[in-house]
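Residue numbers (the working numbering), protein chains in the order written: chain A, 1 to 338; chain B, 339 to 676.
Protein chains: 2
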Amino acid sequence: MHLNRRALIMSSAAGAAASFTLGRIDIAQAQTSSGASSMAMAGSGEQLPGAYRYRLGDFTVTQITDGMAARPLDAGFVVNAELEDVQGALQEAFLPPDKLFIPFTPLTLRSGDELVLFDTGFGESGPPTAGQLARGMAAAGIDPAAVSCVVISHFHPDHILGLTTKAGEPIYPNAEVMVPEPEYAFWMSDDNKANAPEGRRGNFDMAQKIFGALGERVSQFKWDAEVMPGVTAIDAHGHTPGHTVFAIESGDERLMFLADTTNHPALFVRHPDWAAVFDQDAEAARQTRRRLLDMAAEERMRVAGYHFPFPATGHIAKDGEGYRFVPAQWMPVLDGQA
Amino acid sequence: MHLNRRALIMSSAAGAAASFTLGRIDIAQAQTSSGASSMAMAGSGEQLPGAYRYRLGDFTVTQITDGMAARPLDAGFVVNAELEDVQGALQEAFLPPDKLFIPFTPLTLRSGDELVLFDTGFGESGPPTAGQLARGMAAAGIDPAAVSCVVISHFHPDHILGLTTKAGEPIYPNAEVMVPEPEYAFWMSDDNKANAPEGRRGNFDMAQKIFGALGERVSQFKWDAEVMPGVTAIDAHGHTPGHTVFAIESGDERLMFLADTTNHPALFVRHPDWAAVFDQDAEAARQTRRRLLDMAAEERMRVAGYHFPFPATGHIAKDGEGYRFVPAQWMPVLDGQA
């Protein structure tokens with residue numbers, strides 16, 4: 001069941017193009033592209049599920065991979081850097097020079113009876129190398145019906161397509177879906193859609209379809225509000241108008257879920273002034289990135305990043321003009337941590 | 339089932355002391371120390387099994403955690419550095435300053451019909467926070483009866499106790515056990531035992547008991563020999579007299595299994611001239627470490643380290659007077675890698 005390597009890369013690149021290029025999002029197309037080869041990947045079952053737990057005060061966090069997408073690097077992925085410099089950063093990280101494997105890593109938070117999922121991955125509707133969240137949750141013994149709340153950082157497809165099945169049914173049937181008020185306002189507006197560049201309209205359609213299907217399950221929160229006890233929503237706009245990160249605190253432990261403050265850390269933690277093609281307002285995104293990475297480094301705060309390689313949690317260290325992501329040590333025992 | 343944190347650390351530190359301090363190894367003692375609390379840990383099942391796969395040419399490698407041991411850091415663990423400097427290195431790595439969590443990470447290699455295990459972990463006989471290899475193998479779908487060969491790097495307890503049950507039965511009933519000739523010669527010698535410092539004699543007893551029980555299953559290999567097609571044994575003495583690392587090659591891909599060339603990378607990759615208390619000949623171990631880390635960095639070779647945090651594979655980068663371990667990006671899809 002080994003897929004031909006080139007075929008897989010091509011196929012996942014095609015899937016990624018459908019889902020990633022904000023201008024060309026089309027749910028039907030993404031669903032088609034994840035058909036046969038996605039089944040083959042799932043059936044091969046050769047990579048093991050990626051799920052990892054740690055305590056955060058009284059909370060238990062589980063990081064779960066939704067998979068990855070391969071993205072060619074000759075297509076202006078970093079909009080304000082020379083390809084040669086981007087390749088230098090990849091070389092420094094021992095990554096291939098011609099394509100980037102972009103990971104997707106949602107997390108769950110258990111607090112008493114609450115089980116909260118932060119961002120959803122692609123669900124059934126992504127590239128063939130993604131959509132692994134359900135498998136990882138099963139490995140971690142997490143029943144989708146037990147999820148009491150889904151918190152969304154922003155409305156890009158890799159964060160919200162996994163809210164519903166292709167048929168529009170909720171994947172988390174008992175969950176309230178909590179979304180940032182400015183993000184909801186932006187994408188649900190027909191005026192904004194009409195004024196958007198052609199290439200961004202598909203994302204409006206997708207968001208309106210998903211949140212339309214979810215109806216009254218959806219509630220909105222404001223920046224600086226406590227979404228639930230211990231979880232505060234923080235303005236991180238730039239990547240999208242309502243992009244939000246979350247400070248999660250219990251006892252004297254603290255985790256910052258950075259969502260898409262940076263894309264792959266080897267590029268954008270290391271070089272925080274670089275802008276990925278996905279940033280809707282690159283300058284605002286850059287300022288947000290600098291502010292949050294600086295805070296994380298200064299306070300030696302534990303972070304999780306949606307596009308960090310699984311298990312996608314660790315710390316941010318200052319390094320020259322930029323930063324380095326230092327992955328947390330994998331602890332084979334849940335308690336007895338420092 | 340949350341264990342009291344302090345109790346766990348104390349209990350695992352006690353287990354670690356029994357198994358680690360080369361002078362005080364006593365199999366019965368280690369077994370006793372892993373009794374009740376080990377059951378509690380296993381029963382809680384709250385951390386997920388750590389098993390990760392990647393391709394290496396035609397081979398498939400699976401890294402599997404055997405767990406960890408907590409080691410207090412005020413006890414001369416680094417024999418030739420000030421505690422303050424050691425704590426500085428831990429601080430740089432965002433690790434706690436007062437204790438080190440030492441991971442154990444065996445790996446398996448599948449090549450055609452051969453399934454080879456490199457080092458065994460503690461099996462049933464280690465501290466309560468170790469002995470997870472069986473669980474990880476089960477998660478990875480690897481049947482102990484399917485292991486055709488166990489290759490041993492050296493005869494310290496965390497590498498060989500998992501060869502047999504407490505009763506002395508082989509855990510891999512169909513496996514040949516291949517060991518380095520100079521390591522076997524050293525530890526099986528009653529003369530060497532009689533001449534050894536008091537504190538090292540327990541390790542002779544343990545090795546003689548285990549390899550005695552295995553009898554004719556055991557075969558020896560020489561340095562520079564091909565242990566099997568694609569796997570070459572390399573002299574890495576110092577840590578022990580016969581400590582061996584393995585160059586694993588298939589097609590144009592290469593992995594160096596560094597075994598105990600370094601203990602925890604945050605200390606001894608970063609500071610290759612530091613010596614851990616476990617190094618039997620500290621100066622020879624230091625020269626071996628410099629030689630192998632330098633080769634890995636120069637050739638940008640993929641490495642795996644037994645005491646590297648799971649998944650324990652990545653690359654070595656030069657950094658000032660020392661090196662940095664750069665973990666490999668976790669690939670949620672087995673094929674389609676670079």
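The beta-carbon is built from N, C-alpha and C at its ideal position, and this holds for glycine as well.
9 Å Cβ cutoff, residue i in contact with chain B
i        : result
Glu46/A  : yes
Pro103/A : yes
Gly50/A  : yes
Asp224/A : no
Glu114/A : no
Asp66/A  : yes
Glu169/A : no
Thr92/A  : The sequence shown places Glu at residue 92/A, rather than the Thr named in the question. By this cut-off, Glu92/A is an interface position.
Thr232/A : no
Thr108/A : no
Thr60/A  : yes
Residue span of the alpha helix (DSSP H) that contains residue i, given as start and end
i        : result
Glu92/A  : Leu83 to Glu92
Ala604/B : Pro603 to Phe606
Asp496/B : Pro495 to Ile498
Phe186/A : Glu181 to Trp187
Ile210/A : Arg201 to Leu214
Distance between residue j and residue i (C-alpha atoms, nearest Å)
i        : j        : result
Glu183/A : Ile402/B : 42 Å
Asn195/A : Arg201/A : 9 Å
Glu701/B : Leu453/B : Summary: the structure shown does not reach residue 701/B, with chain B confined to residues 339 through 676, and so no result is reported for it.
Asn512/B : Val485/B : 7 Å
Leu501/B : Ala468/B : 14 Å
Val326/A : Ala185/A : 36 Å
Pro441/B : Arg628/B : 22 Å
Ala219/A : Thr120/A : It should be noted that the sequence gives Ser, not Ala, for residue 219/A. Those two C-alpha atoms are separated by around 16 Å.
Ile548/B : Gly479/B : 26 Å
Ala266/A : His315/A : 13 Å
Pro97/A  : Asp224/A : 40 Å
Gly57/A  : Phe542/B : 44 Å
Leu499/B : Glu514/B : 16 Å
Thr165/A : Ala613/B : 56 Å
Asp74/A  : Ala505/B : 60 Å
His264/A : Leu593/B : 25 Å
Phe559/B : Thr599/B : 19 Å
Glu84/A  : Gln91/A  : 10 Å
Pro241/A : Thr105/A : 22 Å
First and last residue of the uninterrupted beta strand (DSSP E) at residue i
i        : result
Ala585/B : Thr582 to Ser588
Tyr390/B : Ala389 to Leu394
Thr502/B : Unbroken run through Thr502/B: none, as it is neither H nor E.
Ala317/A : Thr313 to Asp319
Leu445/B : Leu445 to Ser449
is_contact[residue i, chain A] using C-beta, thresh 9 Å
i        : result
Leu433/B : yes
Arg391/B : yes
Thr503/B : no
Expected contact under 8 Å - CB spacing of residue i and residue j to nearest Å
i        : j        : result
Phe595/B : Leu445/B : 7 Å
Val227/A : Met295/A : About 19 Å; that fails the 8 Å criterion.
Pro610/B : Tyr661/B : 6 Å
Val302/B : Ala597/B : In the structure as shown, chain B starts at 339 and stops at 676, and residue 302/B therefore has no counterpart that could be examined.
Phe308/A : Arg638/B : Actually they are not in contact, since the Cβ atoms of Phe308/A and Arg638/B sit about 23 Å apart, beyond 8 Å.
Pro127/A : Ala69/A  : 5 Å
Thr288/A : Ala233/A : With a Cβ gap of about 14 Å, Thr288/A and Ala233/A do not count as contacting.
Ala207/A : Trp187/A : 4 Å
Ala317/A : Val79/A  : The pair is not a contact, with the Cβ atoms about 26 Å apart (cut-off 8 Å).
Short CB-CB distance (under 9 Å) between residue i and chain D
i        : result
Glu636/B : The structure shown contains no chain D; the protein chains it does contain are A and B.
- Message: Give me the subset of the stretch 406-419 of chain B whose CB atoms are less than 7 Å from a CB atom of chain A, sorted by chain position.
- Response: Taking 7 Å as the Cβ-Cβ cut-off, the stretch 406-419 of chain B approaches chain A at Met406 and Ala408, given in chain order.
According to a CB-to-CB cut-off of less than 9 Å, which residues of the stretch 303-337 of chain A neighbour chain B? Those would be Pro309, Phe310, Pro311, Ala312, Gly314, His315, Ala317, Val326, Pro327, Ala328, Gln329, Trp330, Met331, Pro332, Val333, Leu334, Asp335, Gly336 and Gln337, in chain order.
task = Quick one: which residues of the stretch 118-141 of chain A get their C-beta closer than 7 Å to a C-beta of chain B? List them in chain order.
result = From the stretch 118-141 of chain A, only Thr129, Gln132, Ala139 and Ala140 have a Cβ closer than 7 Å to chain B.
request  = Could you list the residues in the stretch 583-608 of chain B with a C-beta less than 7 Å from some C-beta on chain A, going in chain order?
outcome  = The stretch 583-608 of chain B vs chain A, Cβ under 7 Å: nothing.
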